[in-house]
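Reading through the structure tokens given below for one structure.
Residue numbers (full-length UniProt numbering), protein chains in the order written: chain A, 1 to 418; chain B, 1 to 418.
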């Protein structure tokens, strides 16, 4: 079994090492040796693992045109030129294993169609949750279920930041800096902290769990950069933990709701124990009930573990490809949730009645209101709503923000009891 | 695809309902209808689901000799006659799906051999962890890993009891009675509370994760019936939670350590959040790191979910059968652990020095010693050891129990920091 490896960054190097290290075991399991024949890299001057020696090429065609190569393993990351290489490999009748969530989230539908036409495998277990087995369990183990809900902590960087803020009582910016120094966050952390990375993975999960294809940019996404120490404290006092949740469900009418948003979850929720860079995916099926998958969502060896398992499955012909239909999401305005809202208002008589008045006019009823000691001229007000229409909440927030009594709405966080 | 169902108790009824309820989805996924042709039952007078009408038989041969039946689904439970029926079905060239942990734990090795010879599938996902996907993830998704450690909460009854004791401050006997009333514990709860059920599941996991076959009765097993309110409180004070852990690992010399024992685990351990009747399995692989699978370990529909997924895999020809070798365990005396020991001693001068003297003589050093207020004539003493040789600890416990100053050793619980 001859492999063409595209990319020799963190994940690619992990794949090379894992095949070397566990090679004998792997051979015993699939009855054949996995041989990495060629490795595509960009930079001629970079220092690389000695295991790559004699295999390096700078030209993708060396792999794509090599008749001996059965499987192309794409671990370059980024949308381009990975998409073009994957497409070409499939067209040439080669199996493809990829860890590229951007390509799969954006182009999964047509790539799966192409793979099905060409009767080859397209496998992407590593694109969601790193080494956590999730794609096969969803497709195979829970195959007898109708899955109706997914809740995931799909991004290690944001989960690390929220965990550190909570445990050490630190502010967002300080933890982000620390995370960048430790290599848990990138120099430009936007994709992670604004939730875009989680939205891509959620789009892939929707494809797998519901056979519904939705472009990641259509998923309503709110990140965690606004969250402050004081939100963490309020959550704690009320018995919740704040997590960046990627959420999707199918409603009674088979419509898809999907969003990425900070959520206060109950301490009894199994996701509450998912800390640091760990990821977890909680799946609800109509027969199995709640099932959770937990592990390291990123990193060299965990991700390589998923890539190599995919390569082994190509050999074992273990693939279930499901088609999927492109769908529109339920508009975020038509969804329902409890909301926690923290704002700074000028400490004047009547301010509370104005704010609660706006909410009341929109038909939003309140579970609790807390005003904590005046901060000089201003006061901090925390409102928690009952389950409310999100469209009405967004309208109300806009009106509240425009009140002259209100300085700033600082935080809007969903609240869930499940 | 025609099925012969053996057994129509809780799980069997779940299978019938699930195939009825999700039938169209299942058909779409495997391209064929699953038809339950015959159902073997024992009692002619029992009230049954209307879906079973016209299919009931009282004679196993009706299924085993029916040439049209491709797949035998055994959900009767108990070792006999399930073993004989499964064996005969395999010999007849039929695929077998079973939820029977007793049969698989005790006879898995020869049944797998027979299935391999006859080129049929033997699938048993439902035998461990109910609906939690664990067998396929271990065999497929983590296939590129060398797995070296498994820690599981594999029994819902004991986990429910420990959770209730902790949350409500109740004693073991009271919670057991309540669990029996709620149907979470059987009238004769021995198999669950003494850890035998967990030991069987652990034996199956050893087969899957390590390819090592060990009879469940050879696994050192200690249940939870001795655990009292005060153990739960001490654990809490020291920052631990008590769980009944099923543990297995492969050491550097490829030897197998396996036991079932109450363990104090750290609050940061992901198993800490596994409460009530839920089960979880934490697997450590050399590439993927820690991965956890969580869900309902028993119950009608979760177990049926796993059984039906197995049936679907037969159709999809998705099976990886690994052989396994029978091995001896590392004798429990040669293993190492920290221990928590709680005992009642007569409140006399010199008692502490005698007890700690015994431990010292065996080379066991202490992490902490607490003596709490005298209980009339007696005092409660809690000792926590450093990591010690289990053989020496067992010897020391015997000697301490024989001291005339000691009334009774009440509890021995392992302590782990991972």
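From the three backbone atoms N, C-alpha and C, an ideal C-beta is built for every residue, glycine too.
Check	Outcome
Residue of B:243, B:159, B:374 minimising C-alpha distance to residue 451 of chain B	The requested residue 451 of chain B does not occur in the structure, where chain B is confined to residues 1 to 418.
Residues sharing a beta bridge with residue 57 of chain B, DSSP	B:40
N-terminal and C-terminal residue of the alpha helix (DSSP H) that residue 95 of chain B is part of	Per DSSP, residue 95 of chain B belongs to no alpha helix (DSSP H); it is in the beta strand (DSSP E), 95-98.
Euclidean distance between Cα positions of residue 27 of chain B and residue 33 of chain B	5 Å
Cα-Cα separation, residue 417 of chain A to residue 30 of chain B	37 Å
Boundaries of the beta strand (DSSP E) in which residue 6 of chain A is found, first to last residue	2-6
Contact the region 278-291 of chain A vs the region 225-238 of chain A: 3+ CB pairs below 8 Å	no
Min CB distance residue 206 of chain A to chain B below 8 Å	no
Contact set between the region 290-304 of chain B and chain A, restricted to residues whose Cβ is under 8 Å from the partner	290, 291, 292, 293, 294, 295, 296, 299, 301, 302, 304
Extent of the continuous beta strand (DSSP E) run through residue 241 of chain A	240-250
Supposed close pair residue 192 of chain B, residue 157 of chain B - CB separation, criterion 8 Å	4 Å
Three-state secondary structure (DSSP) of residue 220 of chain A	strand
Neighbour flag for residue 324 of chain A against chain B, beta carbons, 8 Å	no
Pair within 8 Å by beta-carbon distance, residue 99 of chain B and residue 75 of chain B	yes
Short-range partners of chain A found in the region 244-272 of chain B, where Cβ spacing is below 8 Å	268, 270, 272
Within 7 Å of chain B by C-beta, residues of the region 10-25 of chain A in sequence order	18, 22, 25
Beta-carbon contacts of residue 209 of chain A that lie in its chain and below 8 Å, excluding the five residues immediately before and after	138, 147, 150, 248, 283
Residues of its chain near residue 330 of chain A, where Cβ-Cβ distance is below 6 Å and the 5 sequence neighbours each way are ignored	255, 257
Selected residue, minimal CA-CA separation from residue 95 of chain B, among B:81, B:101, B:67, B:264	B:67
Whole-angstrom distance between residue 394 of chain A and residue 360 of chain A, CA atom to CA atom	14 Å
Status (buried if at least 16 other CB within 10 Å, exposed otherwise) for residue 213 of chain B	buried
Nonlocal neighbours in the same chain, by C-beta distance under 7 Å from residue 396 of chain A, ignoring five residues either side	358, 359, 362, 364
Beta bridge counterpart(s) of residue 339 of chain B as assigned by DSSP	B:414
Alpha-carbon to alpha-carbon, residue 294 of chain B and residue 152 of chain B	10 Å
Burial state of residue 97 of chain B (16 or more Cβ within 10 Å)	buried
Collapsed DSSP secondary structure at residue 280 of chain A in the structure displayed	strand
Any chain B beta carbon closer than 8 Å to residue 279 of chain A	no
Rounded straight-line distance, which links the Cα of residue 223 of chain B to that of residue 342 of chain B	16 Å
Any C-beta of chain A under 8 Å from that of residue 115 of chain B	no
CB of residue 244 of chain A within 8 Å of CB of residue 216 of chain A, strictly	no
Where residue 301 of chain B falls: helix, strand or coil (DSSP)	helix
Cβ pair residue 69 of chain A, residue 2 of chain A closer than 8 Å	yes
Residues near residue 303 of chain A in its chain [Cβ-Cβ closer than 7 Å; skip 5 each side]	11, 14, 99, 126, 130, 131
Any 3 or more C-beta pairs closer than 8 Å across the region 403-413 of chain B and the region 333-347 of chain B	yes
For residue 12 of chain A, three-class secondary structure by DSSP	helix
C-beta neighbour in chain B for residue 285 of chain A, strict 8 Å	yes
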